[in-house]
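*Asks:* Have a look at the structure that comes next, please.
Numbering (our numbering), first residue to last: 1 to 517.
Okay, structure coming up:
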């Protein structure tokens with residue numbers, strides 16, 4: 001190099017770009033078309049892992065086979081060079097020649113021809129873009145993951161600006177609403193809401209913009225393609241400062257089933273409360289009716305005693321020695337005393353007829369509830385001895401009445417006494433009644449429902465479970481007089497269901513139907 005002349009201007013270097021080739025921060029090379037390396041600048045030497053150019057040139061034999069990771073990549077390079085005379089932005093995965101580490105590079109190259117147009121060599125640059133490429137791959141992978149998430153996701157995702165205009169809608173728009181995602185783009189999110197939900201969602205939208213929302217989902221109705229509405233639970237996220245999003249992200253999933261189920265549950269609760277209210281009213285009416293019937297019983301007894309010229313106190317005193325109406329404790333004498341007291345009037349037949357008539361006139365219902373003997377008591381109206389040579393009389397049908405109320409027992413005994421073909425035996429406790437039924441096997445059982453200890457339904461079940469009593473017809477006699485009570489009794493297996501106060505003709509008709517003639 002010629003030294004500079006003092007006082008002269010700057011001396012230009014030779015016009016061969018040698019300094020540029022050496023100082024270029026990216027790789028530069030010259031190679032033959034068949035792939036032999038002719039020159040390599042220091043940046044390319046370093047890229048391939050060598051110490052100097054000589055070492056690199058000595059190591060590289062065929063660029064196409066030794067450098068490119070993808071087979072045939074050098075052939076693609078050659079095709080472009082022959083077609084265009086140059087190659088631009090040729091991105092490939094290559095090996096660092098010495099270490100065999102895989103990296104990504106971008107090449108720019110052109111043909112160099114002689115004066116006759118013959119290709120002498122290729123010249124070009126090589127830039128290591130591994131970090132950028134990996135970042136692009138990560139971004140592409142992230143986009144693929146995002147698409148994989150949203151393509152089949154049941155969650156509707158929309159991105160909109162601060163005015164609520166939709167710029168993106170996920171494929172779930174078609175699944176949930178029957179609307180193509182592109183049809184939602186460019187529209188206002190609020191236009192898809194039910195009119196009654198718009199104001200509430202606008203307020204929540206403003207809180208999302210201010211990052212002041214609670215983070216809890218807001219349920220609203222979103223219009224479908226057919227004009228119907230679905231309930232979606234929406235949650236907003238403010239991403240205006242993120243350049244990759246630059247908007248508000250709204251995610252919504254279908255909660256129609258849950259909302260409709262909750263509404264149905266609320267309706268059911270209201271209906272149940274109404275049923276409870278009605279049933280409570282029915283029970284109160286039944287209680288009032290029972291109290292009224294009890295007062296009527298007392299009035300009927302009082303009227304019956306007056307009609308038969310028998311003081312009520314004497315009538316009750318006749319059965320007073322029967323605590324629990326247990327005949328084993330008190331015997332049948334008290335019952336017989338009561339019968340004699342009744343006969344002291346104008347005769348039992350007329351007294352009972354008057355009593356039945358008076359009961360119907362006084363209560364508008366029927367004769368009911370009076371006590372009579374308990375278990376072990378002698379059957380009423382024992383048949384008289386037959387004269388010698390007379391034809392045998394048919395056996396009286398034997399009835400068992402299980403009832404813990406003394407008044408009810410007495411009235412039932414009085415009504416049965418009007419029918420000489422029947423005999424009545426009574427029990428005041430359910431266990432005692434079961435024992436009598438197993439031992440005596442009556443032709444028919446009259447059974448109260450509300451008994452101490454076990455109720456009439458349990459007594460019926462035990463009767464049916466015992467082979468000795470399973471075939472005996474059982475008639476319920478109960479103050480539970482609601483239609484539902486009667487249906488329940490018949491469904492449980494009672495042969496008939498008589499309500500208190502018992503009407504004499506109804507009782508007779510039921511027994512005549514169920515007892516053998």
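All C-beta atoms in this analysis are idealised placements derived from N, C-alpha and C, irrespective of residue type, glycine included.
Around the C-beta of residue 425, are 16 or more other C-beta atoms found within 10 angstroms, so that it is buried, or is it exposed?
*Replies:* Per the 10 Å Cβ criterion, buried.
*Asks:* Taking just the CA atoms, how far does residue 293 sit from residue 473?
*Replies:* 27 Å
*Asks:* Enumerate, from N- to C-terminal direction, the unbroken beta strand (DSSP E) stretches of 3 or more residues contained entirely within the stretch 380-461.
*Replies:* 397-402, 422-427 and 444-448
*Asks:* Looking at residue 399: is its Cβ nearer than 9 Å to the Cβ of residue 444?
*Replies:* yes
*Asks:* Please determine, among 278, 222 and 264, the residue with the shortest C-alpha to C-alpha distance to residue 251.
*Replies:* 222
*Asks:* Does the distance from the C-beta atom of residue 220 to that of residue 234 stay below 9 Å?
*Replies:* yes
*Asks:* Can you tell me where the alpha helix (DSSP H) holding residue 123 begins and where it ends?
*Replies:* Segment 119-128 is the beta strand (DSSP E) holding residue 123; no alpha helix (DSSP H) there.
*Asks:* Mind pulling the alpha helix (DSSP H) runs of 4 or more residues that sit fully within the stretch 195-231?
*Replies:* 198-209
*Asks:* What is the rounded straight-line gap between the Cα of residue 500 and the Cα of residue 477?
*Replies:* 7 Å
*Asks:* Can you tell me where the beta strand (DSSP E) holding residue 53 begins and where it ends?
*Replies:* Segment 53-59 is the alpha helix (DSSP H) holding residue 53; no beta strand (DSSP E) there.
*Asks:* Opposite residue 478 in the DSSP bridges: which residues?
*Replies:* 499
*Asks:* Please confirm if the stretch 63-83 is in contact with the stretch 26-37, defined as three or more CB-CB distances below 8 Å between the two stretches.
*Replies:* yes
*Asks:* Would you tell me roughly how many angstroms separate the C-alpha atoms of residue 216 and residue 137, rounded to the nearest one?
*Replies:* Between the C-alpha atoms of residue 216 and residue 137 there is a straight-line separation of about 35 Å.
*Asks:* Can you look up residue 361 in the DSSP assignment and give me helix, strand or coil?
*Replies:* Unreliable positioning characterises residue 361 in this predicted model, as indicated by a pLDDT of 39, which lies under 50. The coordinate reading is nonetheless provided below. Helix.
*Asks:* With contact counted as at least three CB pairs below 8 Å, one residue from each stretch, are the stretch 195-204 and the stretch 166-183 in contact?
*Replies:* no
*Asks:* Would you mind stating whether residue 95 and residue 67 have Cβ atoms separated by less than 9 Å?
*Replies:* yes
*Asks:* Leaving out the 5 sequence neighbours to the left and right, which residues in its chain are closer than 6 Å to residue 192 when beta-carbon positions are compared?
*Replies:* 222 and 223
*Asks:* Kindly indicate which residue of 245, 169 and 188 has the alpha-carbon position closest to the one of residue 182.
*Replies:* 169
*Asks:* Quick one: what does DSSP say residue 44 is sitting in, helix, strand or coil?
*Replies:* helix
*Asks:* For residue 511, I'd like the list of residues in its chain whose CB is within less than 6 Å of its CB, leaving aside the five on either flank, ordered along the chain.
*Replies:* none
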